[in-house]
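Colleague: So that we are looking at the same thing, I have put the structure below in structure tokens.
Residue numbers (this note's numbering), protein chains in the order written: chain A, 1 to 392; chain B, 1 to 294.
Set out below in structure tokens:
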């Protein structure tokens, strides 16, 4: 779950992190009204990706008329596949410096990393590549969170290359901000929680001028109210029309699905095995249409649902179902495949490769229903590629 | 010999009364595992097909001397179950549960480290020392004893390799599935170190996938530790598009990191043989074992 900028800022504000005054506008008239209240504003496209400024999705305007005109222009845009549904109109800031403060999962350290840099306003990955000495990190103890001394160390380390900034004063401010941001990240189960740029104003205040917040999918059950609020708030519908429609549908069905470009449908259990199935289809000259992992312990209904999902893409010429049962049971899979074939009257070729837990029961069910299961994945890959080529 | 578990392991199952816990406890026992206790809060005093059930891990350990735990509890309670096991001094905790929130796992892993115990997983298939002890969900019939150590990130691909080797007559000392989550317990390097010290393991298969840098770290371990057993490596996701999360939370190519090529390069540089298919894994392992026998 990726929050839009204004949604992230609402969370920041609630956590006591200063943000500029702003208003959401879904129409040009609302943008004009916002500018009448706020004065000179930045009109910013609300899409869940970076690089909005470069794409022309941000405009600074002096008058309500200009706000209306620019909002009309931006609301008509589509930024890398994401139609702009709303703009955030926000008072401009006096800027002394642009800093960076972010929290993200560091999988190598198995902890969250807090990252600080005086080089804000650009992608932190780019700073890391071009001037790694300008970045300082800290990996807080998950039981006590970031301590003030650690944050001071981080800030002093990062500011060694920015002598114009008063590190002593900033360290105290950043420590307080870091603790607030960290608490927010933990309470929201954030995978990423980033303020970029963190603006230092000429009068010495730190204000979050842009924000990025992404919530861990595994923790959605703890944030249902937020998810609901966001979905409604975002666009009036589910706010995901910029995404691939098949992937949106799969998410609605609760399936782990990635849409690809080819015509061979792929379903399997276990991410590694499904990836290997894609590799096998490619090795044998086919082109996978999707990645669909039914996961561990899939029920017959989930298998049926998956097959239906994969066949929604009209380009799919046939489906390769590759199951190695551990926690997943062969008879459940077979029941699901047969139910889908009968209910949906599937005539496209289905190649099922099944082995592992309850494989004999599963294979017997399939054979009884007239589907010949394959034993080896390689053999099955050759078969589905041949069958889907024939029907081309 | 074997690594981590053997016929002396006394196994406890957390979540023994759930659908998966109950089914796989029986599967584990059918493979010869000595399951001494189950834990299911509120169901203490009952039994599961003769296995005594306790309300807490502490009680189960006191009563039965359990030293390995397998966790089959749902994601919202799994991190707590891991910490309960570690707090009770269980030497090896194996967490099968998929879908545990990352922040929960960061805390649970730090907790396990402090308790100086080992964690395998989560979101993993567990491990098996054929004929002696299985903790987890690896299908029983494919495991036969032999000289190969297997360590894999993907559960089902690990099964493929176990089966492929078995059909060619090559069994395993121990097969270990480390799991596909971004925050996990034992890593490739940890398990490789165990295989290095196990005199009966004569070759190792490493099954990796895109995402993260664990395979690269494993390769670095092979290089720097003077690992002297042949390693055959297989990496899945070679045709996966960048930026897409392929099922496992950890399986994603971000920017230039986590690509199959980077892993293959690191492992090749460390002297591992790279297999393009499961069939090739089997062939290469056969060659290496044969060459050693001569």
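Yeah, the Cβ is synthetic: ideal placement off N, Cα and C, and Gly gets one too.
Please confirm if residue 240 of chain A has its CB atom under 8 Å from at least one CB of chain B.
Modeller: Residue numbering aside, residue 240 of chain A sits at position 240 when the first chain is read from its first letter. With a pLDDT of only 46 at residue 240 of chain A, under 50, the local geometry of the prediction cannot be trusted, and no value is derived from it.
Colleague: Could you have a look at residue 170 of chain B and say whether DSSP puts it in helix, strand or coil?
Modeller: Here the question's residue 170 of chain B lines up with position 170 in the second chain. Three-state result, residue 170 of chain B: coil.
Colleague: Measure from the C-beta of residue 186 of chain A to each C-beta in chain B and report whether the shortest distance is under 8 Å.
Modeller: To locate residue 186 of chain A, count along the first chain from 1; it is residue 186. Closer than 8 Å to some Cβ of chain B, the Cβ of residue 186 of chain A qualifies, so yes.
Colleague: Who are the near neighbours of residue 15 of chain B in its chain, counting only those whose CB is closer than 6 Å to its CB and skipping five residues on each side?
Modeller: On the second chain, position 15 is the one that residue 15 of chain B refers to. Hits under 6 Å: 21, 72 and 73.
Colleague: Give the straight-line distance between the Cα atoms of residue 294 of chain B and residue 272 of chain A, rounded to the nearest whole angstrom.
Modeller: Numbered from 1 along the second chain, position 294 holds the residue referred to as residue 294 of chain B. Numbered from 1 along the first chain, position 272 holds the residue referred to as residue 272 of chain A. With a pLDDT of 40 at residue 294 of chain B, under the threshold of 50, the modelled position of that residue is not reliable, and the figure given next carries that caveat. For residue 294 of chain B and residue 272 of chain A, the distance between alpha carbons rounds to 35 Å.
Colleague: Suppose contacts are defined by Cβ-Cβ distances below 8 Å. Is residue 162 of chain B in contact with residue 140 of chain B by that definition?
Modeller: Locating residue 162 of chain B in the second chain gives position 162, where the first residue counts as 1. Locating residue 140 of chain B in the second chain gives position 140, where the first residue counts as 1. No, Cβ-Cβ distance for residue 162 of chain B and residue 140 of chain B is not below 8 Å.
Colleague: Is there a C-beta anywhere in chain A that falls below 8 Å from the one on residue 157 of chain B?
Modeller: As a first step, residue 157 of chain B must be located in the second chain, where it is residue number 157. Answer yes: the Cβ-Cβ gap between residue 157 of chain B and chain A drops below 8 Å somewhere.
Colleague: Rounding to the nearest angstrom, what Cα-Cα distance links residue 236 of chain A and residue 60 of chain A in this structure?
Modeller: As a first step, residue 236 of chain A is located in the first chain; it is residue number 236 there, counting from the start. As a first step, residue 60 of chain A is located in the first chain; it is residue number 60 there, counting from the start. Model confidence at residue 236 of chain A stands at a pLDDT of 37, short of 50, so the residue's coordinates are unreliable; what they give is reported in the following sentence. Residue 236 of chain A and residue 60 of chain A: Cα-Cα distance of roughly 26 Å.
Colleague: For residue 335 of chain A, collect the residues of the same chain with a Cβ closer than 7 Å to its Cβ; drop the 5 residues on either side in sequence, then sort them by chain order.
Modeller: Here the question's residue 335 of chain A lines up with position 335 in the first chain. Answer for residue 335 of chain A: 300 and 365, listed in chain order.
Colleague: Can you tell me whether residue 37 of chain A is buried or exposed, with buried defined as 16 or more other CB within 10 angstroms of its CB?
Modeller: In the first chain, residue 37 of chain A corresponds to position 37, counting from 1. Under this definition residue 37 of chain A is an exposed residue.
Colleague: Counting along the chain, where does the alpha helix (DSSP H) carrying residue 182 of chain A start and finish?
Modeller: Taking the first chain and counting its residues from 1, the one referred to as residue 182 of chain A is at position 182. Run containing residue 182 of chain A: 167–187, per the alpha helix (DSSP H) assignment.
Colleague: Given a threshold of 16 other Cβ atoms within 10 Å of its Cβ, counted over all protein chains shown, does residue 182 of chain A qualify as buried or as exposed?
Modeller: As a first step, residue 182 of chain A is located in the first chain; it is residue number 182 there, counting from the start. Buried is the call here.
Colleague: Under the three-state reduction of DSSP, which class applies to residue 244 of chain B: helix, strand or coil?
Modeller: As a working mapping, residue 244 of chain B is identified with position 244 in the second chain. In the structure shown, residue 244 of chain B sits in coil (DSSP, three-state: anything other than H, G, I, E or B).
Colleague: What are the residues in the segment 209–221 of chain A lying within 7 Å of chain B by C-beta distance?
Modeller: Within the segment 209–221 of chain A, the residues whose Cβ lies closer than 7 Å to some Cβ of chain B are 216, 218, 219 and 221, listed in chain order.
Colleague: Assess, as a yes-or-no matter, whether the segment 191–203 of chain A is touched by the segment 86–104 of chain A under the definition of 3 or more beta carbon pairs within less than 8 Å.
Modeller: Because the criterion of three Cβ pairs below 8 Å is met, the segment 86–104 of chain A and the segment 191–203 of chain A touch.
Colleague: I want to verify the contact list: residues of chain B whose CB lies under 7 Å from the CB of residue 74 of chain A, in sequence order.
Modeller: For the purposes of this step, residue 74 of chain A is taken as residue 74 along the first chain, with counting starting at 1. Per Cβ cutoff of 7 Å: no residues; residue 74 of chain A is ~25 Å from chain B at best.
Colleague: Less than 8 Å separating the beta-carbons of residue 378 of chain A and residue 277 of chain B?
Modeller: Numbered from 1 along the first chain, position 378 holds the residue referred to as residue 378 of chain A. Numbered from 1 along the second chain, position 277 holds the residue referred to as residue 277 of chain B. Yes, they are a contact pair.
Colleague: Taking Cβ positions only, does residue 233 of chain B come closer than 8 Å to chain A?
Modeller: Along the second chain, one-based indexing puts residue 233 of chain B at 233. So no, residue 233 of chain B is outside the interface.
Colleague: Within the continuous alpha helix (DSSP H) that includes residue 263 of chain B, where are the two ends?
Modeller: The residue you call residue 263 of chain B lines up with position 263 of the second chain. Taken as a continuous stretch (DSSP letters only), the alpha helix (DSSP H) holding residue 263 of chain B covers 260–269.
Colleague: Would you call the CB atoms of residue 29 of chain A and residue 87 of chain A closer than 8 Å?
Modeller: The residue given as residue 29 of chain A occupies position 29 in the first chain. The residue given as residue 87 of chain A occupies position 87 in the first chain. In this structure, residue 87 of chain A does not lie closer than 8 Å to residue 29 of chain A by Cβ.
Colleague: List the residues of chain B that residue 2 of chain A touches, going by C-beta distances under 7 Å, in chain order.
Modeller: Taking the first residue of the first chain as 1, we reach residue 2 of chain A at position 2. None at all; the shortest Cβ gap to chain B is about 13 Å.
Colleague: Mind checking who residue 290 of chain A pairs with in its DSSP beta bridge?
Modeller: For the purposes of this step, residue 290 of chain A is taken as residue 290 along the first chain, with counting starting at 1. Looking at the DSSP assignment, residue 290 of chain A forms a beta bridge with A:259.
Colleague: Measuring straight from C-alpha to C-alpha, what distance separates residue 240 of chain A and residue 2 of chain A?
Modeller: By one-based count along the first chain, residue 240 of chain A stands at place 240. By one-based count along the first chain, residue 2 of chain A stands at place 2. Confidence at residue 240 of chain A is low in this model, with a pLDDT of 46, below 50, so its placement is unreliable and the value that follows should be read with caution. Their Cα atoms are separated by approximately 10 Å.
Colleague: Quick check on residue 101 of chain B: buried or exposed, where buried means 16 or more other Cβ atoms within 10 Å of its Cβ?
Modeller: The sequence position of residue 101 of chain B within the second chain is 101, counting from 1. By the 10 Å Cβ count, residue 101 of chain B comes out buried.
Colleague: Could you pull out every unbroken beta strand (DSSP E) segment of at least 3 residues lying fully inside the segment 322–377 of chain A, listed in chain order?
Modeller: Counting only runs of 3 or more, we get 350–356.
Colleague: In terms of alpha-carbon separation, which member of A:324, A:31, A:56 and A:373 lies closest to residue 66 of chain A?
Modeller: The residue labelled residue 66 of chain A in the question sits at position 66 within the first chain. When each option's Cα is compared against that of residue 66 of chain A, the closest is A:31.
Colleague: Answer with buried or exposed for residue 124 of chain A, where buried requires no fewer than 16 other C-beta atoms within 10 angstroms of its C-beta.
Modeller: Numbered from 1 along the first chain, position 124 holds the residue referred to as residue 124 of chain A. It counts as buried.
Colleague: Assuming residue 173 of chain B contacts residue 201 of chain B (C-beta within less than 8 Å), just tell me the rounded distance between them.
Modeller: As a first step, residue 173 of chain B must be located in the second chain, where it is residue number 173. As a first step, residue 201 of chain B must be located in the second chain, where it is residue number 201. Correct: roughly 5 Å between the Cβ atoms.
Colleague: Would you say residue 237 of chain B reaches chain A, if we count a Cβ-Cβ gap shorter than 8 Å as a contact?
Modeller: By one-based count along the second chain, residue 237 of chain B stands at place 237. Chain A, which has a Cβ nearer than 8 Å to the Cβ of residue 237 of chain B, makes this yes.
Colleague: Would you kindly report the start and end of the unbroken alpha helix (DSSP H) that includes residue 224 of chain B?
Modeller: Along the second chain, one-based indexing puts residue 224 of chain B at 224. Note, residue 224 of chain B: alpha helix (DSSP H), 214–224.
Colleague: Can you find the residues in the same chain that come closer than 7 Å, C-beta to C-beta, to residue 47 of chain B, ignoring five residues on each side of it along the sequence?
Modeller: For the purposes of this step, residue 47 of chain B is taken as the residue at position 47 of the second chain. So the qualifying residues of the chain are 53.
Colleague: Report the residues of the segment 249–273 of chain A with a CB closer than 8 Å to any CB of chain B, ordered along the chain.
Modeller: Taking 8 Å as the Cβ-Cβ cut-off against chain B, the residues of the segment 249–273 of chain A that qualify are 256, 258, 260, 268, 269, 270, 271, 272 and 273.
Colleague: Is there a Cβ of chain B sitting closer than 8 Å to that of residue 421 of chain A, yes or no?
Modeller: As shown, chain A starts at 1 and ends at 392. That puts residue 421 of chain A outside it, with no answer to give.
Colleague: Taking 8 Å as the threshold, find out whether the segment 114–127 of chain B comes into contact with the segment 262–279 of chain B through three or more Cβ pairs.
Modeller: No: fewer than three Cβ pairs fall under 8 Å.
Colleague: Going by DSSP in three states, residue 143 of chain A sits in which element: helix, strand or coil?
Modeller: Taking the first chain and counting its residues from 1, the one referred to as residue 143 of chain A is at position 143. Here residue 143 of chain A sits in coil by DSSP.
Colleague: Can you give the Cα-Cα distance for residue 330 of chain A and residue 355 of chain A, rounded to whole angstroms?
Modeller: If you number the first chain from 1, residue 330 of chain A lands on position 330. If you number the first chain from 1, residue 355 of chain A lands on position 355. Near 7 Å, if we compare the C-alpha coordinates of residue 355 of chain A and residue 330 of chain A.
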